[in-house]
Amino acid sequence: MAATDIKKKADLGIQAENPAETLERLRRCIDLMERAYGLPKRRGSNPVDLLVQTILSQNTTSANTHRAFENLKRRYPDYQALLDAPDEEVARAIRCGGLANIKTKRIKEALEKIKERGEGTGSIDLDFLKDADPEVARDRLMDLPGVGPKTAAVVLLFAFNMPLLPVDTHVNRLSRRLGFVPVEASLEEAERILEMITPRDKYCSFHVNLIRHGRAVCSARAPFCDGCILREVCPYPDLAGQKG
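In terms of this note's numbering, the sequence shown is residues 1 to 244.
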């Protein structure tokens, strides 16, 4: 999408206030969440581990994701062993994470593609992304089976410290309720808008703490607006007819 189109979407999201006020609300939002949930630390994760974990996390809870990933690590000493294993065996190992057959196929296909990039070395790693431009790295990751914008951004932000802001279901929901992203924006537009208006050194904090807040307070069906730490910067309760 062209930068001018993204800018138009950003303008739609802040039509009730000027850009400076929106940025101030966003900074206040980040500050309030850091006080409540702490300042997240970027983990020096193995990029392929993180990719596999993120594929496993699709349509399930973080607890189930962790269990499924630990099952894989216990059963297979390395990713070549996982590739050599029968699909049914791998699916049994990750059954607790749901969609086991689909995720097995995606993980194996992604690992095979990564291995092909090793140019005959048999290496299964993502070192070829290390010095790439963030947008190029995003596109290369999204060429892998089962990897969409969120999965690519998670791997590049947390494994390579690249300036990309992942938009999962919680970040998407809360950023719209907070008025930072217009309701009609696509996920791609939401990601680009948030990357434009969020300070780069706060991408990790904003992403992680919005997820925490979405799980603990601002759920999809029953947000607890009266007790919300973001009440002072959030227009959603009034728009939804909740006075508090």
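Glycine residues also receive a C-beta, built at the ideal position from the N, C-alpha and C atoms.
Counting pairs of Cβ atoms below 8 Å between the stretch 32-39 and the stretch 49-67, do you hit three or more? no
Buried or exposed for alanine 152, going by 16 or more other Cβ atoms inside 10 Å? buried
Any chance the stretch 102-122 sits against the stretch 139-154, with 3 or more Cβ pairs inside 8 Å? yes
Which first and last residues belong to the alpha helix (DSSP H) in which isoleucine 193 is found? 187-197
By the three-class DSSP mapping on this structure, what secondary structure does arginine 95 have? helix
Any chance the stretch 160-170 sits against the stretch 229-237, with 3 or more Cβ pairs inside 8 Å? no
Taking the CB atoms as reference points, tell me whether proline 166 and leucine 178 lie closer together than 9 Å. no
For the alpha helix (DSSP H) holding lysine 110, just list the boundary residues, first then last. The sequence as given places alanine at residue 110; lysine does not occur at that position. Counting along the chain, the alpha helix (DSSP H) containing alanine 110 begins and ends at 100-116.
Should arginine 42 and asparagine 209 be called a contact, given that it needs their Cβ atoms to be closer than 9 Å? no
Give me the Cα-Cα distance between leucine 150 and leucine 50, rounded to the nearest whole angstrom. One detail in the question is off: residue 150 reads as lysine in this sequence, not leucine. The straight-line gap from Cα to Cα measures roughly 12 Å.
Going by the CB atoms, is the gap between proline 237 and tyrosine 203 shorter than 9 Å? no
Per-residue burial, phenylalanine 206 [other beta carbons within 10 Å of its own, 16 or more giving buried]: buried
Take the Cβ of valine 52 as the centre, count every other Cβ of all protein chains shown within 10 Å, and call the residue buried at 16 or more, exposed below. buried
If you measure between the beta carbons of leucine 83 and leucine 111, is that distance less than 9 Å? yes
Secondary structure of glutamate 184, DSSP reduced to three states: coil
Rounded C-alpha distance that separates asparagine 71 from leucine 239: 45 Å
Mark phenylalanine 264 as exposed unless 16 or more other C-beta atoms lie within 10 angstroms of its C-beta, in which case mark it buried. Here the chain covers residues 1 to 244 and nothing more, so residue 264 does not appear.
Same chain only: Cβ atoms within 6 Å of lysine 115, ignoring 5 sequence neighbours per side: Ile124
Just the C-alpha distance for proline 199 and arginine 176, rounded to the nearest angstrom, thanks. 18 Å
Is glutamate 189 near valine 183, with beta carbons less than 9 Å apart? no
Does the Cβ-Cβ distance between leucine 174 and glycine 227 come in under 9 Å? no
C-beta atoms of aspartate 133 and lysine 108 nearer than 9 Å: no
Environment of methionine 142 [buried if 16+ CB atoms lie within 10 Å]: exposed
Kindly indicate which three-state DSSP category glutamine 58 falls into: helix, strand or coil? coil
Nearest residue (CA-CA) to arginine 75, options Thr61, Val90, Arg27: Val90
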